[in-house]
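To start, the structure itself, in C-alpha cells.
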C-alpha cells in the first residue's frame, strides 16, 4: 500500500474537495465549501444521496469499488469523509492518490469502541470502566469485574443507540452478547451523570487548534434531541473539556473537526465517545458563529487557517426527527433558522433537519 | 401569450426552484434554497456559471431558446431570476408554465430607468429630477430644463456605472447621447447627498412585508465597496425608508426580495434605483441575520412565510473585486465571514467575493 499523500499547499478557490458519504453531514460540508469558492465531489453508495443536490460532481458507487475510488481521488485536491465507518481499505486507496484527512490512525481509533476507550485511558483521561467482550464467558467475567449495571455495545458500527443493550446481571450480559451474534463487544459501566456535553473542535495540519463553546446535549431514545449553548459547564469545566479534546487531537495528529462526547458530574468529566467528523451537536455553529463547524472542517482539510470559533449568540439547536418533518410549515413559521436535509423519504428515527433558535449572549 | 401561472400551494421541501441566471446571486440563492431542503435548477447562457457548482440541475442555453425554456419551466415548481435584465419574452414563456416571481410588471418597471423614475414619482416619492432623452436635440433640451450638472444614463441594461456619463453642459449632454449610439436615455439631475443607503425588503404573495435594517453603502468607481449596518439613518429615517419601500412593493404587487437605493441628505430621502432582486448591499444578512436575503427571497418565491429580518449583530460587508481575489489567503485569515463566488476567471471590476465582519449590536 502506498504512503498517504500529503497536502503541499492549501487548496486554492476553484479546487475540489472530495467527500466520502452523501448524507446531511456531507451536504452541509458541501454548502460550507461552496461559501469558500471550493467545489465538492461527493462519493456515496446511495443512489439518491442528499448531498448530490448541492455538489459540483458526484460518484455513485460502492465503497469497495477500487476503480471508482481511484478516479474520484484523482479528481480531488483533498479528501475527507462525513462518517467514521469508512472501510480502512477505502481510505487507503484514496489517501494514496489525494491528501485525505482525518488520517487512518484517527479512523482506526474511533471505529472501534475498545480501541477508542483504551486510547483515551492511555492519555490519562477518565472513561467509564470498560472490558472487551468476545464470548459469553468473557461477558460474564466482564460484568463481574465491572461490578454494577453496565451497557454492552458492539465495538464497531453502532450509532444512535443501535448495537447497545443495558445489562444488570452476568446472565443478561451473556445473553446480550449472544444477541449481537458474535460481534466483538465492549462492556462499559453504566455511569450516572448530571448531563451530557460535547466539545466540537478543529485541528489544522500545523497543529493550530480551535474549539467551540461546548454545548449541553439532551438525548431522547438514544438520539440527540437538543444542543444548548451555553451549557451548564463552569468556566473551569469548559477549560478542562477543551484541554482534554486538544490532548486527544494532538495524540492522533488529527486534522479536521471532531467531537468528544462527555458525561458531566459536577466538575468531573468522563469521555464517552470520540467522533472523527463534524457532529450533530455542533449544528448550531452554522447560525451562531461566524465560521461553522462545517466550514472549519473544510478549512482544516484544505490546509487553510482555521476560523475564529467564537459565537455571537446563545443557541438552542433541535433535531427534526422522522415524521416530525411533515410539520415543516410550522417550523418555517417559527422564527428559528431552519435546515432541512433534502432526504427523499421520511423514516422513523431518521434525522430530517434541525432548527436553531438564537438569543443574545447571556 | 398565456396567463402567468399562479402558485396554488407552497413549494414543499424536495421541490425545485428554477433560477434564471447563474452568477453569484444565483449561487447564493441556490445555497439558501438548499438549507430549506429545496432543489434548484439554474438556467444560464454561460458555459461555466458559478451557480452550476451548487445546484441540483442546470441548463446551459440562450435566454431566447423557447424549447429549452419550456423544458426548464416544466421541471420547476416555481421560478425566479437573479438579474433584472431578463428579456420580457423569456419571462413570459416560463411564467406561463411555472409560477414566476417577481412578475412582469416589476421587471418592466425596473428594466427601464425612465419607467422606473416615472413610477416612483407617481407614488409621490422623491427622485432626482429627470427627463427622457431620445435625440441630441432632446438631450440639449433636457439639460436646459434640469438646469445644472446631470448624469446621462441609458434607460436599459446599465449596472456598476456602465452606460452613464456625467455632463455639465448642453453640448456635453448631446455628445454623451451620441456616444451611447442612439440608445434611449434618461438625463438625471446630479444630486448632492450626505451618503447612500438602501432598503432590502421582501414581500410575500399574501402581501406580508419584511425589511432588513437599511445599510449605508459606500461606492468606489461606481461599484459597491462596503455596506455598513447600522447606517447613519435616524430611527425616523429608517421608518421613512422602509415605508417608501413598502409603498413601491405594494404598488408593483411585488413578490420576492428587492432593493431600493437611496440618496440621503439629512432627513431627506431620494429614490435612486429599484433592483427587483437580491442585492449586493444585502449580502451582510447571510452572516448577521437568522434568515438571509437569499433565504427570504426563496421563501417568498416558494410561497413560504417570510422569516424574521432582525439582525443579531452589527455588520460591515466589503466586496472583493477583481484581482483582490488573489489575496484570498489574507482574507481567509482575517476573522471575517468569507464568501468566494467560484468564478473561473478574475477580471477587472468583477465581483469575486465578499467578506463580512460582525461586531456586537451597538
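Residue numbers (this note's numbering), protein chains in the order written: chain P, 31 to 392; chain V, 31 to 392. Backbone N, C-alpha and C fix where the C-beta goes; we use that ideal spot for every residue, glycine too.
Three-way DSSP call (helix, strand, coil) for residue i in this model
i, result
"residue 225 (chain P)", "strand"
"residue 305 (chain V)", "strand"
"residue 60 (chain V)", "helix"
"residue 298 (chain V)", "strand"
"residue 355 (chain P)", "helix"
"residue 55 (chain P)", "helix"
"residue 286 (chain P)", "strand"
"residue 337 (chain V)", "coil"
"residue 233 (chain V)", "strand"
"residue 345 (chain V)", "strand"
Boundaries (first-last residue) of the alpha helix (DSSP H) holding residue i
i, result
"residue 249 (chain V)", "Run containing residue 249 (chain V): none in the alpha helix (DSSP H); it sits in the beta strand (DSSP E), 246-250."
"residue 41 (chain V)", "No alpha helix (DSSP H) holds residue 41 (chain V); DSSP gives it neither H nor E."
"residue 386 (chain P)", "No alpha helix (DSSP H) contains residue 386 (chain P), which is instead part of the beta strand (DSSP E) from 381-390."
"residue 329 (chain V)", "323-331"
"residue 316 (chain V)", "315-318"
Other residues of its chain near residue i: CB distance less than 6 Å, five sequence neighbours each side excluded
i, result
"residue 356 (chain P)", "none"
"residue 369 (chain V)", "383, 384"
"residue 147 (chain P)", "157, 160"
"residue 55 (chain V)", "112, 308"
"residue 279 (chain P)", "233"
"residue 139 (chain V)", "145, 146, 149"
"residue 46 (chain V)", "69, 71, 106, 107"
"residue 319 (chain P)", "341"
Listed by chain order, chain V residues near residue i by CB distance under 7 Å
i, result
"residue 370 (chain P)", "43, 66, 67"
"residue 83 (chain P)", "64, 69, 86"
"residue 343 (chain P)", "342"
"residue 383 (chain P)", "67"
"residue 61 (chain P)", "61, 64"
7 Å CB neighbourhood of residue i in its chain, flanking five on each side removed
i, result
"residue 36 (chain V)", "129"
"residue 348 (chain P)", "255, 256, 384, 385"
"residue 208 (chain P)", "166"
"residue 171 (chain P)", "none"
"residue 225 (chain V)", "246, 262, 294"
Host beta strand (DSSP E) of residue i (start-end)
i, result
"residue 138 (chain P)", "Here residue 138 (chain P) belongs to no beta strand (DSSP E); instead the alpha helix (DSSP H) covers 134-141."
"residue 270 (chain V)", "First-last for residue 270 (chain V): 265-281, but that is the alpha helix (DSSP H), not the beta strand (DSSP E)."
"residue 71 (chain P)", "69-74"
"residue 367 (chain P)", "367-370"
"residue 49 (chain P)", "46-50"
"residue 402 (chain V)", "With chain V covering only 31 through 392, there is no way to say anything about residue 402 (chain V)."
"residue 240 (chain P)", "239-241"
Neighbouring residues, chain P, relative to residue i (Cβ below 8 Å)
i, result
"residue 358 (chain V)", "42, 43, 67"
"residue 317 (chain V)", "320"
"residue 338 (chain V)", "365"
7 Å Cβ cut-off: residues of chain P touching residue i
i, result
"residue 309 (chain V)", "Simply none; closest approach about 19 Å."
"residue 335 (chain V)", "362, 363"
Contact list for residue i against chain P, beta-carbon separation under 9 Å
i, result
"residue 388 (chain V)", "320, 342"
"residue 374 (chain V)", "44"
Contacts around residue i, its chain only, beta-carbon distance under 8 Å, and the 5 residues preceding and following it disregarded
i, result
"residue 379 (chain P)", "190, 251, 253, 351, 352"
"residue 78 (chain V)", "374"
"residue 229 (chain V)", "241, 242, 244, 271, 272, 274, 275, 289, 290, 292"
"residue 264 (chain V)", "297"
Closer than 8 Å at the beta carbon, the chain V residues around residue i
i, result
"residue 313 (chain P)", "Correct list: empty, because the minimum Cβ distance to chain V is about 12 Å."
Quick one: complete beta strand (DSSP E) runs, 3+ long, within the stretch 80-126 of chain P?
Runs of the beta strand (DSSP E) lying entirely within the stretch 80-126 of chain P, each at least 3 residues long, are 87-90, 108-111 in chain order.
Contiguous alpha helix (DSSP H) assignments of at least 4 residues, all confined to the stretch 137-223 of chain P
If we require 4 residues or more, the alpha helix (DSSP H) runs fully inside the stretch 137-223 of chain P come out as 143-152, 166-176, 200-209.
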